[in-house]
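A.B. asks:
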Amino acid sequence: DGGITQSPKYLFRKEGQNVTLSCEQNLNHDAMYWYRQDPGQGLRLIYYSQIVNDFQKGDIAEGYSVSREKKESFPLTVTSAQKNPTAFYLCASSPPDRGSAGELFFGEGSRLTVL
Amino acid sequence: AQSVTQLDSQVPVFEEAPVELRCNYSSSVSVYLFWYVQYPNQGLQLLLKYLSGSTLVKGINGFEAEFNKSQTSFHLRKPSVHISDTAEYFCAVSEDTGGFKTIFGAGTRLFVKA
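If you're matching them up, the sequences are chains A and B in order. Numbered per this note's numbering, the first sequence finishes at 108, counting up by one with no gaps. Numbered per this note's numbering, the second sequence finishes at 175, counting up by one with no gaps.
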């Protein structure tokens, strides 16, 4: 079955450590996204990529980095510069046809807790 | 700039009662509208979407939404809810800026009571 796989589902980190969240899709989608979810704030866009080897900052990119070396993969690194990294992180992708109008397909999420 | 406002953060309702979850948006260009549902500790899944055409859109699990351009609203309704509808619901707006960028509302937690 096609879908988006995020790992790990739960992750604990000590302050000052970088961590990388994995996102893999086998939907053949060109566009991929990372969102951060905090209670009562909805989803906020961190980074997005519309094509391999290209990505753009979203609304809250500070303290995060991404790469897009393969169409299927869009890993997110939460760096020690991110002041409040404890959150639920969601990866999504979007079909290439313009008729989809940006409909998003989501992974199951990764919950990061900083100790 | 785009924005999405979900007017209720929580909506408690009894089983088999009707429910309406409200969503208003603002945008300077044509937009596409979506409702997504999220069950605890899971990702989001699409309930329904409005792209063009009929303003009444039907989705999965018996939900429907009506696009009202003059009031810039896209309220979600269900005539009779089940316990299993307990979840968080997100209204979202997508703009075509070359690629698509989606903005989400803060979410409405629907709690269905027996």
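Heads up, the beta-carbon is just placed ideally off N, CA and C, and yes, glycines get one too.
1. Going along the chain, which residues of the region 137 to 156 of chain B sit with their C-beta nearer than 7 Å to a C-beta in chain A?
2. Leaving out the 5 sequence neighbours to the left and right, which residues in its chain are closer than 7 Å to R37 of chain A when beta-carbon positions are compared?
3. Measure the beta-carbon distance from Y82 of chain A to L14 of chain A and round it to whole angstroms, keeping in mind my assumption that it falls under 8 Å.
4. With a Cβ-Cβ cutoff of 7 Å, do V80 of chain B and K119 of chain B count as a contact?
5. When burial is assigned at 16 or more other CB atoms within 10 Å of the CB, is D9 of chain A buried or exposed?
6. Between Q49 of chain A and the rest of its own chain, which residues show a CB-CB distance below 6 Å, the 5 nearest in sequence each way excluded?
7. When the Cα atoms are used, what is the spatial distance from I144 of chain B to T66 of chain B?
8. What residues match up with T110 of chain A in a beta bridge as DSSP calls it?
9. Under a Cβ-count criterion, where at least 16 other Cβ atoms within 10 Å of its own Cβ denotes burial, should A85 of chain A be classed as buried or exposed?
10. In chain order, what residues of the region 84 to 100 of chain A put their CB closer than 9 Å to some CB of chain B?
11. Can you have a look at G159 of chain B and say buried or exposed, based on whether 16 or more other CB atoms are within 10 angstroms of its CB?
12. What residues in its chain sit with their C-beta under 8 Å from that of T72 of chain A, if we drop five residues either side in the sequence?
13. Does the distance from the C-beta atom of G100 of chain A to that of G168 of chain B stay below 7 Å?
14. Return yes when the Cβ of V154 of chain B is within less than 7 Å of the Cβ of L107 of chain B, no when it is not.
15. Taking T133 of chain B and S70 of chain B to be in contact with their CB atoms under 8 Å, please state how far apart those CB atoms are, rounded to whole angstroms.
16. Could you list which residues in chain A have their beta carbon closer than 9 Å to that of Q103 of chain B, in chain order?
17. Counting only beta-carbon atoms, is G188 of chain B nearer than 7 Å to chain A?
C.D. replies: Reading from the atomic positions:
1. Correct list: F151 and S155.
2. Residues of the same chain with a CB within less than 7 Å of the CB of R37 of chain A, apart from the 5 flanking positions on each side, are Y28, R29, D52 and I53 in chain order.
3. Y82 of chain A to L14 of chain A, Cβ: 6 Å. Contact.
4. Contact: no.
5. Note on residue identity: the sequence assigns Gly, not Asp, to residue 9 of chain A. By the 16-neighbour rule on beta-carbons within 10 angstroms, G9 of chain A is exposed.
6. These residues qualify, in order along the chain: Y41.
7. Rounded to the nearest angstrom, the two C-alpha atoms are 25 Å apart.
8. Residue 110 of chain A falls outside the range modelled here, since chain A spans only -6 to 108, and no answer is possible.
9. When all chains shown are included, A85 of chain A counts as buried.
10. Interface annotation for the region 84 to 100 of chain A against chain B: C84, A85, S87, R91, G92, S93, A94, G95, E96, L97, F98, F99 and G100, criterion Cβ-Cβ distance under 9 Å.
11. Burial check for G159 of chain B: the Cβ neighbour count within 10 Å stays below 16, so the residue is exposed.
12. Hits under 8 Å: N11, G56, Y57 and S58.
13. Between G100 of chain A and G168 of chain B, the C-beta gap is not smaller than 7 Å, which leaves the two residues out of contact.
14. Result no, Cβ atoms of L107 of chain B and V154 of chain B do not sit closer than 7 Å.
15. That belief does not hold up - the Cβ atoms of T133 of chain B and S70 of chain B are roughly 20 Å apart, past 8 Å.
16. Correct list: F99, E101 and G102.
17. Here chain B covers residues 62 to 175 and nothing more, so residue 188 of chain B does not appear.
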